[in-house]
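Colleague: Each protein sequence line maps, in turn, to chains P and B.
Count along the first sequence from 1, then add 684; that gives the number in the numbering used here.
Count along the second sequence from 1, then add 173; that gives the number in the numbering used here.
Each residue gets a CB set at the ideal place from its N, CA and C atoms; glycine is no exception.
All figures in this text were calculated on a predicted structure; none of them were measured in a lab.
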Amino acid sequence: MEKIIDPSRREFLKTGATLGAGLTIAFYLPVGAARMMAGQDAGKPFVPNAFIRIAPDDTVTVIVKHLEMGQGVNTGLPTLVAEELDVPWEKILVESAPADAKLYNNLLWGPMQGTGGSTAMANSFDQLRRAGATARAMLIAAAADNWKVDASTLSTQNGMVLHRASGRKASYGKLADKAATMPQPAEVQLKSAKDFKYIGKQFKRTDSKAKSDGSAQFASDLRLPGQLTALLARPPLFGAKVKRIQADKAKAVPGVRAVVEVPRGVAVIATDFWSAKKGRDALQVEWDESGAERVSSAAQREHYLGLLKQPGMVARNEGDAAKALVPATKNLEATFEFPYLAHTPMEPLNCIVQLKDGGCEIWAGSQSQTGDQATAAKILGLQPEQVQIHTMLAGGSFGRRANPTSDYIAEAVSVAKAASHLNAPIHLMWTREDDLHGGYYRPMFVHAVSGGLDAQGNPVAWSQRLVGQSIAAGTAFEGGMVKDGIDMISVEGASNLAYKIPNLHVELHSPKLGVPVLWWRSVGHTHTAFSTEVFIDELAVAAGKDPYEFRRALLDHQPRHKGVLELAAAKAGWGKPLAPKSGVRRGRGIAVHESFRSFVAEVAEVSVKPDGSFTVDRVVCAVDCGIAVNPDQIGAQMEGGIGFALSAALHSAITFKDGRVEQSNFNDYPLLRISEMPKVEVHIVPSEAAPTGVGEPGVPPLAPAVANALFAATGKRLRKLPFETAELRSV
Amino acid sequence: MITFTVNGKPRSVDAAPDTPLLWVLRDNLGLTGTKYGCGVALCGSCTVHLNGAPVRACMTPISAAAGQKITTIEGARSKAVKALQDAWVSLDVPQCGYCQSGQIMSAAALLARNPHPTDADIDAALDGNLCRCATYQRIRAAVHQAARTMRG
Chain P
685 MEKIIDPSRR
695 EFLKTGATLG
705 AGLTIAFYLP
715 VGAARMMAGQ
725 DAGKPFVPNA
735 FIRIAPDDTV
745 TVIVKHLEMG
755 QGVNTGLPTL
765 VAEELDVPWE
775 KILVESAPAD
785 AKLYNNLLWG
795 PMQGTGGSTA
805 MANSFDQLRR
815 AGATARAMLI
825 AAAADNWKVD
835 ASTLSTQNGM
845 VLHRASGRKA
855 SYGKLADKAA
865 TMPQPAEVQL
875 KSAKDFKYIG
885 KQFKRTDSKA
895 KSDGSAQFAS
905 DLRLPGQLTA
915 LLARPPLFGA
925 KVKRIQADKA
935 KAVPGVRAVV
945 EVPRGVAVIA
955 TDFWSAKKGR
965 DALQVEWDES
975 GAERVSSAAQ
985 REHYLGLLKQ
995 PGMVARNEGD
1005 AAKALVPATK
1015 NLEATFEFPY
1025 LAHTPMEPLN
1035 CIVQLKDGGC
1045 EIWAGSQSQT
1055 GDQATAAKIL
1065 GLQPEQVQIH
1075 TMLAGGSFGR
1085 RANPTSDYIA
1095 EAVSVAKAAS
1105 HLNAPIHLMW
1115 TREDDLHGGY
1125 YRPMFVHAVS
1135 GGLDAQGNPV
1145 AWSQRLVGQS
1155 IAAGTAFEGG
1165 MVKDGIDMIS
1175 VEGASNLAYK
1185 IPNLHVELHS
1195 PKLGVPVLWW
1205 RSVGHTHTAF
1215 STEVFIDELA
1225 VAAGKDPYEF
1235 RRALLDHQPR
1245 HKGVLELAAA
1255 KAGWGKPLAP
1265 KSGVRRGRGI
1275 AVHESFRSFV
1285 AEVAEVSVKP
1295 DGSFTVDRVV
1305 CAVDCGIAVN
1315 PDQIGAQMEG
1325 GIGFALSAAL
1335 HSAITFKDGR
1345 VEQSNFNDYP
1355 LLRISEMPKV
1365 EVHIVPSEAA
1375 PTGVGEPGVP
1385 PLAPAVANAL
1395 FAATGKRLRK
1405 LPFETAELRS
1415 V
Chain B
174 MITFTVNGKP
184 RSVDAAPDTP
194 LLWVLRDNLG
204 LTGTKYGCGV
214 ALCGSCTVHL
224 NGAPVRACMT
234 PISAAAGQKI
244 TTIEGARSKA
254 VKALQDAWVS
264 LDVPQCGYCQ
274 SGQIMSAAAL
284 LARNPHPTDA
294 DIDAALDGNL
304 CRCATYQRIR
314 AAVHQAARTM
324 RG
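(1) Residue ranges of each beta strand (DSSP E) run of no fewer than 3 residues wholly in the segment 229-254 of chain B, ordered along the chain?
(2) Could you tell me whether the segment 817-824 of chain P touches the segment 852-869 of chain P, where touching means 3 or more Cβ pairs closer than 8 Å?
(3) Kindly confirm or deny that the segment 1122-1135 of chain P and the segment 1192-1202 of chain P touch, where touching means at least three C-beta pairs closer than 8 Å.
(4) Which value, in whole angstroms, describes the spacing of the CA atoms of residue 1011(P) and residue 1219(P)?
(5) Going along chain B, which residues have a C-beta under 7 Å from residue 897(P)?
(6) By the criterion of Cβ-Cβ separation under 8 Å, what are the contact partners of residue 1358(P) in chain B?
(7) Give the DSSP bridge partners of residue 1193(P), in chain order.
(8) Are residue 869(P) and residue 803(P) close, meaning C-beta to C-beta below 8 Å?
(9) Taking C-beta pairs closer than 7 Å, name the residues in chain P that residue 211(B) reaches, listed in chain order.
(10) Could you name the residues of the segment 192-218 of chain B whose beta carbon sits closer than 9 Å to any beta carbon of chain P, in the order they occur along the chain?
(11) Please name the residue, chosen from 1269(P), 1374(P), 1357(P), 1309(P), that lies closest to residue 1413(P) on a Cα-to-Cα basis.
(12) Check distances from the C-beta atoms of the segment 1357-1384 of chain P to those of chain B and list, in chain order, the residues that come in under 9 Å.
(13) Helix, strand or coil: which one does DSSP assign to residue 1289(P)?
(14) When the cut-off is 8 Å and only beta carbons count, does residue 800(P) lie next to chain B?
(15) Could you give the DSSP three-state label for residue 1128(P): helix, strand or coil?
(16) Would residue 1380(P) and residue 1280(P) be called neighbours here (beta carbons separated by less than 8 Å)?
(17) In the DSSP assignment, what residue or residues form a beta bridge with residue 175(B)?
(18) Using Cβ-Cβ distances below 8 Å, what residues of the segment 1143-1167 of chain P are close to chain B?
(19) Could you tell me how far apart the beta carbons of residue 1216(P) and residue 1253(P) are, in whole angstroms, since I believe they sit closer than 8 Å?
(20) Please report the distance separating the alpha-carbon of residue 200(B) from that of residue 1310(P).
(21) When you compare the segment 1127-1147 of chain P with the segment 1088-1097 of chain P, are there three or more beta-carbon pairs, one atom per stretch, that lie closer than 8 Å?
(22) Might you give, ordered along the chain, the residues of its own chain that have their beta carbon closer than 8 Å to the beta carbon of residue 184(B), omitting 5 neighbours on each side?
(23) Please check the pair residue 1274(P) and residue 1389(P), which I expect to be a contact at CB under 8 Å, by giving their CB distance rounded to whole angstroms.
(24) With a threshold of 8 Å between beta-carbons, can residue 1327(P) be considered close to chain B, or not?
(25) Starting from the Cα of residue 1331(P), find the closest Cα among 1344(P), 934(P), 1361(P) and give me that residue.
(26) Are any of the Cβ atoms in chain B nearer than 8 Å to that of residue 1028(P)?
(27) Helix, strand or coil: which one does DSSP assign to residue 1047(P)?
(28) According to DSSP, simplified to helix, strand and coil, what is residue 1137(P)?
(29) Would you call residue 1245(P) buried or exposed, if buried means 16 or more other Cβ atoms sit within 10 Å of its Cβ?
(30) Which of the residues in the segment 952-965 of chain P, read from start to end, lie with their CB under 7 Å from any CB of chain B?
(31) Quick one: does residue 1123(P) have its CB under 8 Å from some CB of chain B?
(32) Take the Cβ of residue 224(B) as the centre, count every other Cβ of all protein chains shown within 10 Å, and call the residue buried at 16 or more, exposed below.
(33) By DSSP's criteria, residue 221(B) is part of a beta bridge. Which residues make up the other side?
(34) Cβ closer than 7 Å: which chain B residues qualify as neighbours of residue 902(P)?
(35) Classify residue 830(P) as helix, strand or coil using the three-state DSSP reduction.
(36) Keeping to the same chain, check which residues put their C-beta closer than 7 Å to that of residue 785(P); ignore five residues upstream and five downstream.
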């Protein structure tokens, strides 16, 4: 579509504004587009801005700029439009936005479209409410013009404009044509919280039905005419390269159409998955492993533990922790260990690429459209805007599809380019083994923490040293995330320890390794919440104080931490003895942590058998995420975050031997199963603060709450993840 | 040519006998509601019914399906499936949704043989179905709700 700039809008942009900059841009082009359509094609939908399309049949399509990967953006974001536009929920349709960093950037990220850091609701809350309110104002203006009445005498109700004095009414669909010709108001009034009809209420997910009858379409389900499936043989070691290819046997497999070499390996392209798989199995590739990473986990662990004894880069310093630790009445030290972790979304990575004259179309569950667009454009020698991305539903992601290197997109584009002679859309599929071997793991970390208590049992000093690879270094995010050599997402949750401790010192080592690492649902908080919340528990016990009361006293200056801590403790019945069960030792543990500007406390109850195996029976969770837009979906994200965290705490580790990943599928990288899922109760702290995210913040407090419960039950401190239950044996 | 019945209709496909039923459904027949998650019967995303019993389509060679009746999520119309789907929607069970076809097919097989499942029964029947979003608590509640609906 031709992009038309409306002079009045240009003037508006120049004069600055009542609206936020991101919003101004978002409103900018489609207004022109809407006018063009209104002028030339009567009966077309009303497109007041980049986020809303109102059709003559009264349906309202909300264009969602974020990836739906399970976290509920296709429900939460339309809720904001429905609220201000005043339309019935059943008239709402949802569409994924095209890749366009100008219209659909993440307002918290600058000029980039993408989903992550639990930002979708936080950055869209004002933007989409304003989008809805603006559309509503234009519909009212259209009715006022039609009926020759003053706009102030009109109101709206469930998708209708009403003139109460005369009893006239018109549906939004009927007004769509006319509304498109109305000037856009420079300023709109947003509803006050007391008038909310949608926000804070329980509205059903827009995708539950399609996700229960098999009709929901993920990228892996798309079937374009002539589409071929590709599997890529990747090097067995990170950094190895293709030396020699023997493709005769692969090409002899029925259905195989081509074997092509690309920068990251050798692709076998076939008519269908199974033929491609058999072709890849038959492919013989000799690899040049001379420059490859040959890490072994045992040696890496020794190296990291050694670094814990050496001074690192200072990430935070308040007071003088080293000095304060010496005269402290009681000193404690502990070491914590965390493995590499794979994201393993249930839908393995995949991407469809269709090359065409002067451009390229991509279908993927893209979590990072702007980066993916740029990567594809570079490979193909195109401008980013010549790369069209169709964002599909993602079958989970947890950060994996937001890769600064756009790895799976780059591979698919490279394969399509190398196979352009086939003149077919190429669907690059990953097997589960490819997924586990493919890198981009949550980095392995070790932490050492020292703490000192004074004679009254108050903590006077806290010193923490962390060792682990930087995620941001060497990526486009380095400038924003690495400050003075410190990758902020390596130390987040530790460098901003919430507790009031006068002397605080945090150091970091960021060793470089050839193992690719990436953010994994809640990123640095996955390890910092564990070490800090287990160690504070250790200090409480050493001080002879109740772990809940000990925390509470140190959080007087942190009302939101304290609020969730108190709510979780109250709802869990903290302080009341657990009902005994025969043959098991029972215990209760607590943890509280802020991440992504949301606050979560969790209380876990465990039962430990004599052989050390245990169950997590119940988790009580309290969350403060500002205004609770959809309480049921906040609950769902807490439940899911708790299960995701428990999965890792019980089971998960990616390990290496001579550079080779030792795991390959769910047999040796097991995930949480339904029989291991605790009963979860979620309580939301009422708040009028701006909403913050919920996709990640449920994760961090779970593992420390469980570790603290295991201590309460057994007297044994587990400081290594995944938990080694043999240590809990009583026989 | 291998002939079998899918969702009540006779189908013939030209596929190598070792081709897993999963890929015949997805690539030959376009029935993409049945998902690939692991390829080795460890995740349950590909669960379909073979003559009414739940099987993992990723480890069922198409030769074993010859002459048999296959039901996928697209064609599952039993009372149990309907009750489960209604419960799934009413409790907003899905998050990413990718595993849910398999969850519902496994749960339908449970309800067909056990109209009064306990939590332990549900856990036993669905322990082979992974959900990375960990929607398990709602799955349990939805299976109970569907069982109540079916009992009337």
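Modeller: Concretely, from the data shown:
(1) 242-244
(2) yes
(3) Enough Cβ pairs lie closer than 8 Å, so yes.
(4) Locating residue 1011(P) in the first sequence gives position 327, where the first residue counts as 1. Locating residue 1219(P) in the first sequence gives position 535, where the first residue counts as 1. Their Cα atoms are separated by approximately 20 Å.
(5) Locating residue 897(P) in the first sequence gives position 213, where the first residue counts as 1. Going along chain B in sequence order, the residues near residue 897(P) (Cβ under 7 Å) are 246, 258.
(6) Taking the first sequence and counting its residues from 1, one reaches residue 1358(P) at position 674. Residues of chain B whose Cβ lies closer than 8 Å to the Cβ of residue 1358(P) are, in chain order, 295, 296, 299, 300, 302, 304, 309, 312, 313.
(7) For this step, residue 1193(P) is matched to residue 509 along the first sequence. Paired residue(s): 1151(P).
(8) Position 185 of the first sequence, counting from 1, holds the residue named residue 869(P). Position 119 of the first sequence, counting from 1, holds the residue named residue 803(P). No, Cβ-Cβ distance for residue 869(P) and residue 803(P) is not below 8 Å.
(9) Position 38 of the second sequence, counted from the start, is the residue given in the question as residue 211(B). Chain P residues near residue 211(B): 1116, 1349, 1350.
(10) 192, 193, 195, 196, 197, 199, 200, 201, 203, 204, 205, 206, 207, 208, 209, 210, 211, 212, 213, 215, 216, 218
(11) As a position in the first sequence, residue 1413(P) is number 729, starting the count at 1. Measuring from the Cα of residue 1413(P), the nearest candidate turns out to be 1269(P).
(12) Answer in chain order: 1357, 1358, 1359, 1360, 1361, 1362, 1363, 1364.
(13) Here residue 1289(P) refers to the residue found at position 605 when the first sequence is read from its first residue. Strand at residue 1289(P).
(14) Along the first sequence, read from residue 1 onward, the residue named residue 800(P) stands at position 116. Closer than 8 Å: no.
(15) Here the question's residue 1128(P) lines up with position 444 in the first sequence. In the structure shown, residue 1128(P) sits in coil (DSSP, three-state: anything other than H, G, I, E or B).
(16) As a first step, residue 1380(P) must be located in the first sequence, where it is residue number 696. As a first step, residue 1280(P) must be located in the first sequence, where it is residue number 596. The answer is yes: Cβ separation under 8 Å.
(17) Mapped onto the second sequence, residue 175(B) falls at position 2. Note: residue 175(B) sits in a beta bridge opposite 186(B).
(18) Within the segment 1143-1167 of chain P, no residue qualifies.
(19) Position 532 of the first sequence, counting from 1, holds the residue named residue 1216(P). Position 569 of the first sequence, counting from 1, holds the residue named residue 1253(P). That pair is no contact at about 18 Å.
(20) Residue mapping note: residue 200(B) aligns to position 27 of the second sequence, counting from 1. Residue mapping note: residue 1310(P) aligns to position 626 of the first sequence, counting from 1. So the alpha carbons of these two residues sit roughly 46 Å apart.
(21) no
(22) Here the question's residue 184(B) lines up with position 11 in the second sequence. Closer than 8 Å at the Cβ level, and outside the excluded window around residue 184(B), lie 176, 177, 178, 202.
(23) To locate residue 1274(P), count along the first sequence from 1; it is residue 590. To locate residue 1389(P), count along the first sequence from 1; it is residue 705. Contact flag correct, Cβ pair sits at about 6 Å.
(24) If you number the first sequence from 1, residue 1327(P) lands on position 643. Yes, contact with chain B.
(25) Translated into the one-based positions of the first sequence, residue 1331(P) becomes position 647. With distances taken between Cα atoms, residue 1331(P) lies closest to 1361(P).
(26) Residue numbering aside, residue 1028(P) sits at position 344 when the first sequence is read from its first letter. Judged by the 8 Å Cβ criterion, residue 1028(P) is in contact with chain B.
(27) Residue numbering aside, residue 1047(P) sits at position 363 when the first sequence is read from its first letter. Of the three classes helix, strand and coil, the one that applies to residue 1047(P) here is strand, per DSSP.
(28) Along the first sequence, one-based indexing puts residue 1137(P) at 453. In the structure shown, residue 1137(P) sits in a strand (DSSP, three-state: E or B).
(29) If you number the first sequence from 1, residue 1245(P) lands on position 561. By the 10 Å Cβ count, residue 1245(P) comes out buried.
(30) Answer set for the segment 952-965 of chain P: 956, 957, 958.
(31) On the first sequence, position 439 is the one that residue 1123(P) refers to. Closer than 8 Å: no.
(32) Position 51 of the second sequence, counted from the first residue, corresponds to residue 224(B). Residue 224(B) should be labelled exposed.
(33) One-based indexing of the second sequence puts residue 221(B) at position 48. Bridge partners of residue 221(B): 228(B).
(34) One-based indexing of the first sequence puts residue 902(P) at position 218. Going along chain B in sequence order, the residues near residue 902(P) (Cβ under 7 Å) are 271.
(35) To locate residue 830(P), count along the first sequence from 1; it is residue 146. Residue 830(P): helix per DSSP, three-state reduction.
(36) Within the first sequence, residue 785(P) is the residue found at index 101, counting from 1. Same-chain partners within the cutoff: 795, 796, 797, 1054.
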